[in-house]
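What follows is a set of notes on a single structure, which appears directly below.
Here it is as structure tokens:
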């Protein structure tokens with residue numbers, strides 16, 4: 001108890017020394033160069049929040065530049081993305097990957113709510129960063145994990161941030177549900193329909209040109225075409241989706257074929273999100289409203305399509321897709337679309353998502369792409385992970401997978 005002080009015949013224990021802790025923090029040290037990264041996020045892509053994102057980026061750039069012992073690695077950001085889940089944030093994913101690769105010593109961010117609104121995920125990331133010797137500084141709360149900090153206080157702040165977004169979500173969902181009970185369900189823009197709001201009520205009108213393609217989708221499917229063949233047709237016709245994309249795939253086509261909204265009826269389903277369970281939603285209540293708007297597809301055709309879908313669905317259990325280090329990192333040089341790893345061939349390979357829809361959509365040859373990538377990627381991975389041979393690299397990857 002050398003730190004204790006004997007005063008008035010009583011031991012006074014020193015519980016906290018702020019000056020010593022400030023020196024222990026990476027913010028206070030000047031003895032070595034600290035590789036610093038900043039993280040910023042906005043939840044909506046609106047002008048006000050995009051301006052906020054620019055302000056955050058500008059502030060942290062100046063913040064790092066003012067400290068001579070700080071070296072700015074990069075500013076990582078996500079725009080228009082919720083803070084409730086980390087796996088759907090590309091900026092956050094890239095930041096954590098660079099931390100694991102040993103490129104970053106210290107992270108600065110505006111607040112806990114900007115970094116994460118999920119208590120479980122936040123605490124897991126903080127613990128992982130501590131094992132990697134990476135400090136994390138939340139400016140608004142003045143919490144710095146590179147020194148001794150109050151873990152309970154961090155969890156409390158995180159719980160408040162999570163509760164805020166959960167309460168907001170419940171209030172919005174409750175409002176939509178009450179409007180549905182009054183016969184005014186929420187209606188989002190889909191191919192074939194336009195939504196106009198008048199006196200706080202949605203007025204739904206049919207877009208005749210888009211409706212023609214919706215009918216064609218149903219017709220082609222009943223003629224025996226599969227999802228990808230229909231997607232190829234839509235891209236050749238240069239049809240733009242309701243989200244403004246010219247890229248179509250089988251999943252999007254299936255959503256059109258299974259959407260009961262095209263029959264003029266509306267199925268409104270309300271779910272409860274559990275952020276502590278990685279954002280998984282549980283169905284709470286569903287409402288089916290008949291003759292809600294003008295139909296594009298008659299009910300008999302819709303039901304016939306549903307029967308064919310059920311009859312042609314794969315009955316075997318689909319294998320869980322394996323995460324690969326190059327996922328979302330390879331872009332096609334011709335069309336700019338992401339590559340996907342295919343195991344349905346004798347030799348598994350990477351291929352442009354569009355190329356499987358036909359040479360007219362993307363003419364890049366799969367074989368040449370894999371031959372060009374294989375050797376340089378292997379060499380780069382061996383150098384990056386400091387492995388002596390390819391076999392030792394594979395062994396390291398297998399060990400890391402087991403640890404997860």
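In full-length UniProt numbering, the protein residues as written are 1 to 404.
In this text, a Cβ means the ideal position worked out from N, Cα and C, and glycines have one as well.
First and last residue of the beta strand (DSSP E) that includes residue 41? 34-41
So, with DSSP's three-state summary, where would you put residue 62? helix
Under 7 Å, do residue 106 and residue 34 count as touching if we go by C-beta distance? yes
Could you tell me the boundaries of the beta strand (DSSP E) in which residue 145 lies? Element bounds for residue 145: n/a, residue is neither H nor E.
Counting Cβ pairs closer than 8 Å, one from the region 223-236 and one from the region 251-271, do we hit at least three? yes
Looking at C-beta atoms only, is the number of pairs between the region 65-78 and the region 121-135 that lie closer than 8 Å three or more? No, the region 65-78 does not touch the region 121-135.
Secondary structure of residue 57, DSSP reduced to three states: In the structure shown, residue 57 sits in a helix (DSSP, three-state: H, G or I).
Hey, quick one: how far does the alpha helix (DSSP H) through residue 75 stretch, first residue to last? Residue 75 -> not in any alpha helix (DSSP H); beta strand (DSSP E) instead, spanning 70-78.
From residue 231 to residue 191, what does the alpha carbon distance come to, in whole angstroms? 14 Å
Per DSSP, which one or two residues make a beta bridge with residue 341? DSSP lists 350 as partners of residue 341.
Residue 236: first and last residue of the uninterrupted alpha helix (DSSP H) it sits in: That run of the alpha helix (DSSP H) goes 227-236.
On the premise that residue 349 lies in contact with residue 332, defined as a C-beta separation below 8 Å, what is that separation, rounded to the nearest angstrom? The pair is not a contact, with the Cβ atoms about 14 Å apart (cut-off 8 Å).
Within 10 angstroms of the Cβ of residue 278, are there 16 or more other Cβ atoms? Answer buried if so, exposed if not. Residue placement at residue 278 is flagged as unreliable, the pLDDT there being 45, under the threshold of 50; the coordinate-derived value follows with that caveat. Exposed, by the Cβ-count rule.
Which of helix, strand or coil does DSSP assign to residue 93? helix
CB-CB length for residue 261 against residue 309, believed under 8 Å: That pair is no contact at about 16 Å.
For residue 266 and residue 220, I'd like the C-alpha separation in whole angstroms. 24 Å
Can you have a look at residue 40 and say buried or exposed, based on whether 16 or more other CB atoms are within 10 angstroms of its CB? buried
What's the C-alpha gap between residue 306 and residue 289? Rounded to whole angstroms, residue 306 to residue 289 spans 19 Å at the Cα level.
Backbone CA spacing between residue 194 and residue 294 [nearest angstrom]: If you take the alpha carbons of residue 194 and residue 294, they lie about 11 Å apart.
Who are residue 258's beta bridge partners in DSSP? Residue 258 is not bridged to any residue.
Could you check what DSSP says for residue 98 in three-state terms: helix, strand or coil? helix
Could you compute how far the alpha carbon of residue 120 sits from the alpha carbon of residue 300? 47 Å
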